[in-house]
Amino acid sequence: MDWKTLQTVLGGVNKHSTSIGKIWLTVLFIFRIMILVVAAERVWGDEQDDFVCNTLQPGCRNVCYDHFFPISHIRLWALQLIFVSTPALLVAMHVAYTKHEKKRKLRNGEKINIEDLKNEKIHIRGPLWWTYTSSIFFRVVFEAVFMYVFYYMYDGFQMPRLVKCEAWPCPNTVDCFVSRPTEKTTFTIFMLAVSGICMILNLAELCYLVIKICMKDPRKTT
Amino acid sequence: MGDWSFLGDFLEKVHKHSTVVGKVWLTVLFIFRMLVLGTAAESSWGDEQSDFMCDTQQPGCENVCYDKAFPISHVRFWVLQIIFVSTPSLVYMGHAMHTVRMEEKRKMKEAEIEAREMKNGGDKYYQQKSSVAEKADLSGWDESGGQILLRGSLLNTYVYSILIRTAMEVAFIVGQYVLYGIFLETLYICQRAPCPHPVNCYVSRPTEKNVFIVFMLAVAVLSLFLSLAELYHLGWKKAKERCSRSYNASPSTAPSRLESAPQAERAQMYTPPPDFNQCLSTPNSKFISPFSNKMASQQNTANFATERVHGQEDAAGEGPFIKSSYVESPEAASECAAPAFPENYFNEKRRFSKASRASSKARSDDLSV
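So the sequence lines, in the order shown, correspond to chains A and B.
Residue numbering for the first sequence follows our numbering, beginning at 755 and increasing consecutively.
Residue numbering for the second sequence follows our numbering, beginning at 9 and increasing consecutively.
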């Protein structure tokens, strides 16, 4: 999976984030995307090949694997990371739109320095504040939804060593053995912990933004 | 092969703001750990489960025996080790970037003050500029070099990051020993349901794996030593400067007269003298009395100006502080090496003192600057 594109896009967003946003981005890249690419994909690499069932019945193994792993952890995490990163694109689009508007004003003859425009740090105020805050809100929602989906689909966060399968065409209840359950449990808990940390960071950022705007408003009205 | 570029990019930035030992540590991390892991170790462990053979026909027995033998594969363990050991450096980098940003803001503020005061009239300008400059000194920014100096809160963050890094390193080395011991055995005897009885299981490529295990263990121990060396060096520097500061503060007869003018500045600046020992050993009182205080303090001011610039260049070639350097405290050095001494006397002494090399008085045996 090519995560470089995501890195390029999110790198641009990094410039206009708060400090907490930058920390969140770092945690995302190093503790989630990198772990996924470097370690987790290897662990889940042979999940179907080494899914062994105590039966000679052809097709039983396939069906049982499909029954217990409707969507692999790796794919779910990849989806989670994509969904969680997407709201930042909203912010990037808004910033791009703001800059485009300023360029348009320049073209129409208003005096704006081009150099300043390029290097300008866009402050999180006004409509951008709303875009940014709603992006963080959606991030939190997506994280929570995916964590729940994981919990619901796999009955908790532990990978079982043995699963008992009764799906057709298995003739009777068949014992199936999952490959590397302990290692998978370790990484599932690790990714869960990092998701939790990311959620806490997002909530902290949300609080920070709300407090910042509340602190500004009284000063504005006085 | 896994893609380490995400971490690599971040660590490149840390590289710029580290001491020399820190850079060596990072190089060891990149080359001997990440690269070796990504290229060699991954392929060696590639078939670890497919070629893990158990002497049984019982379906599922191999799976459970492999899982019992290797709760977490060596490769994944090393990946986690590298990530956890690098994380404190990222925290330090965050602080360094924050310092850079604060410095940029300070410069903008200074520029504003300058513009404002130039309009209104000069008096307040110098006061404000000097107070802003003092803040810069304390915050750890070098005007002439344009680099971050390792001192104050930044130095503390750096030291804590190294401490945590050391702790993580030790934890992972101990963890590896607890999980696997040092060497992998060829034969693993497994007794776990659904295996009907104790079953012989054979590990794939044990010798090759042992070579890599020993190699990675050795590199981890080397990194640990580098971290400890860095800590020792930073601690030694801090202790030296603290001793010299207490020496400077203690009252004495002739030397204290020299200190009067720059004393206030020195107290505010957190700077170590270049060579504490020289200060102690030189019997200053004998040589200072023939010279007037005024001349000495004038020379001090001149020395300060030159040495502040040259101190950075000098430090570039020495010790652990290539990019991150201590600013030399020329007054502390010059009180031990008063400017108008006969050349011969100071031939030996000056070699130890970095500051005196950059004294404004040209001497024949001075290094050209």
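Positions of the beta carbon are idealized from the N, C-alpha and C atoms, including for glycine.
- For Val72 (chain B), at least one C-beta of chain A is nearer than 8 Å to its own C-beta.
- In the structure shown, Asn208 (chain B) adopts extended strand secondary structure according to DSSP, grouped into three states.
- Residues Val93, Ala228, Ser231, Leu232 and Ser235 of the same chain have their beta carbon placed closer than 7 Å to that of Glu177 (chain B), with the five preceding and five following residues left out of the count.
- When the five nearest sequence neighbours on each side are left out, the beta carbons in the same chain lying within less than 8 Å of the beta carbon of Ser81 (chain B) are those of Trp53 and Glu56, in order along the chain.
- Taking the beta carbon of Arg915 (chain A) as reference, the chain B residues within 7 Å of it are Val72 and Asp75, listed in sequence order.
- The distance from the Cβ of Glu959 (chain A) to that of Ile774 (chain A) is about 4 Å, consistent with a contact at the 8 Å cut-off.
- Spatial neighbours of Trp86 (chain B) in its own chain (CB-CB distance under 8 Å, excluding positions within 5 residues in sequence) are listed in chain order as Arg41, Leu45, Ala49 and Met224.
- A direct Cα-to-Cα measurement between Tyr196 (chain B) and Leu19 (chain B) gives close to 39 Å.
- Straight across, the Cα-Cα distance linking Tyr819 (chain A) with Tyr851 (chain A) is about 48 Å.
- A Cβ of chain A is located within less than 8 Å of the beta carbon of Ser81 (chain B).
- When 8 Å is used as the limit between beta carbons, Val87 (chain B) is near these residues of chain A: Ile789, Val792 and Ala793, in chain order.
- Put simply, the region 95–114 of chain B does not touch the region 792–807 of chain A. Fewer than three CB pairs are less than 8 Å apart.
- Taking the beta carbon of Asp59 (chain B) as reference, no residue of chain A falls within 9 Å; the closest one sits roughly 12 Å away.
- Interface annotation for the region 800–817 of chain A against chain B: Asp800, Asp804, Val806, Cys807 and Asn808, criterion Cβ-Cβ distance under 7 Å.
- Between Ala179 (chain B) and Pro96 (chain B), the alpha-carbon positions lie close to 14 Å from each other.
- Taking C-beta separations shorter than 7 Å and ignoring five residues to either side along the sequence, the partners of Ser169 (chain B) in its chain run Pro96, Ser97, Val99 and Tyr100, following chain order.
- Chain order gives the chain B residues near Pro935 (chain A) as Asp75, where near means a beta carbon separation below 8 Å.
- Under the DSSP definition of a beta bridge, Asp63 (chain B) lacks any partner.
- A straight-line Cα-Cα distance of about 32 Å links His103 (chain B) and Leu833 (chain A).
- Listed along the chain, the chain A residues whose CB falls inside 8 Å of the CB of Pro96 (chain B) amount to none; the nearest CB is some 13 Å away.
- One thing to note: Ile784 (chain A) has its Cβ no nearer than 8 Å to the Cβ of Leu34 (chain B).
- Around Cys62 (chain B), the same chain offers Cys69, Glu70, Cys73, Val207 and Cys209 as residues with beta carbons nearer than 6 Å, after the five sequence neighbours per side are excluded.
- Looking from the CA of Cys924 (chain A), the closest CA among A:Cys814, A:Asp800, A:Arg786 and A:Lys853 belongs to A:Cys814.
- At a Cβ-Cβ threshold of 8 Å, Leu782 (chain A) and Ser771 (chain A) do not count as neighbours.
- Residue range Leu195 to Cys198 is occupied by the beta strand (DSSP E) that includes Ile197 (chain B).
- A contact between stretches requires three or more CB pairs, one per stretch, nearer than 8 Å, and the region 874–891 of chain A meets this requirement with the region 827–846 of chain A.
- Taken atom to atom, the span from the alpha-carbon of Lys853 (chain A) to that of Thr940 (chain A) is near 45 Å.
- Short of 8 Å from the beta carbon of Ile825 (chain A), and not among the five residues preceding or following it, lie these beta carbons of its own chain, in chain order: Met907.
- Going by C-alpha positions, Ile876 (chain A) is about 29 Å away from Met126 (chain B).
- Non-local beta-carbon contacts of Leu963 (chain A) in its own chain, meaning distances under 8 Å to residues more than five positions away in sequence, involve Thr772, Ile878, Trp883, Tyr886, Thr887 and Ile890 in chain order.
- Shown here for Gly766 (chain A): same chain residues with a beta carbon closer than 7 Å to its own, the five before and five after excluded, namely Ala846 in chain order.
- In this structure, B:Ala237 is the residue among B:Ala237, B:Val186 and B:Gly183 with its C-alpha nearest to the C-alpha of Val29 (chain B).
- Nearest to Arg829 (chain A) by alpha-carbon distance, out of A:Cys930, A:Thr942 and A:Phe805, is A:Thr942.
- Here the alpha carbons of Glu118 (chain B) and Arg124 (chain B) stand approximately 10 Å from one another.
- Bounds of the alpha helix (DSSP H) holding Cys69 (chain B) are Cys69 to Ala77.
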